Each structure stands twice: as C-alpha cells, then as structure tokens.
Amino acid sequence: MQESKTSKDELIALIIQGIDEVKGHNINLLDLREIENTVCDYFIVCNGTSNTHVNAIVGSIQKTVSKAIQDKPWHVEGEDNAEWVLMDYVNVVVHVFQKQVREFYDIEGLWGDAKFTTIESSVN
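Going from the sequence shown to our numbering is simple: count from 1 and add 30.
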C-alpha cells in the first residue's frame, strides 16, 4: 500500500517538474481523496499562454514522466485545438488550459471541496 502512495507522490512531482521546465503558469494540486465518488485521487491544473505553449507543457510532462519512471498517460484528450488538454494517468489527472478557457470552466471552483495546494514554480 505504501509503495503505491510513493509512486503517486513521485508521479505528481514529475508532472510538476515537467510543467515547470517549460514555464507553465499557476500550478494547483487538488487532493480529491476525501470526496466521495471521484474518478481519481488528484487533479493537477495549470495553464499556458497559447496553443503552442499548452502543447509544449503536455509534451514536457510526457517526456519527464516517461524518462524517469517509464509511465505514459492512459489517455490524452484535447491536443488538436490545445485549449484544454486532459492527461489521464489513472489516479492523477492533469488539466492544461489556455488562461481564458481555464477561467471559463473554473475547475478549481467546481471541485471546491478538494484540498487545494498552490505549487510555487519558476513562473507565476
């Protein structure tokens, strides 16, 4: 049981590192474990400044995670228009938005019962 928690923590750290390496903005970690009927344990939410930046963040996350722990997302959705890309690592789901789309959908507001952590990064 402990090994699974450690690997989740490692996965989260690697995802955040991947976001930070390409200067993703406003990184938030939402812990959903104490909310009933959730589809995963954590959301990581961040945003980029353009389609190109969103795709760069997604690529950096995939490269960082794959290189360190040989894991890849179970499913990736939204890469074509790159306004909101969802990366599903089963227990950790990453949402990479363009800023205006993030504000419109307000994922953090929808999951207001989650434990919310703002991640300090090189850009904010």
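We put the CB at the ideal spot given by N, CA and C, even for glycine.
Source: prediction; values computed, not measured.
Item, Value
"Under three-state DSSP, which class holds G78?", "strand"
"Buried or exposed for R63, please, with buried defined as at least 16 other CB atoms from any protein chain shown within 10 angstroms of its CB.", "exposed"
"In this structure, does DSSP put V106 in helix, strand or coil?", "strand"
"With a CB to CB cut of under 7 Å and the five nearest residues on each side skipped, what residues in its chain are close to T68?", "L62"
"Apply the 10 Å Cβ neighbour rule to D71 and answer buried if 16 or more other Cβ atoms are within range, or exposed otherwise.", "buried"
"By Cβ distance below 6 Å, which residues in the same chain neighbour W114 in space, the five residues on each side in sequence not counted?", "G108, F127, V131"
"Given that a residue counts as buried once 16 or more other Cβ atoms are within 10 Å of its Cβ, and exposed if not, what is T148?", "exposed"
"Within 10 angstroms of the Cβ of N111, are there 16 or more other Cβ atoms? Answer buried if so, exposed if not.", "exposed"
"Going by C-alpha to C-alpha distance, which of D39, Q47, I57 sits closest to I137?", "I57"
"Please list, in chain order, all residues of the same chain as G139 whose beta carbon is under 8 Å from its beta carbon, the five residues on each side excluded.", "none"
"G78 to E66, Cα distance in whole Å?", "30 Å"
"Could you give the distance in angstroms between the alpha-carbon of A86 and the alpha-carbon of A144?", "28 Å"
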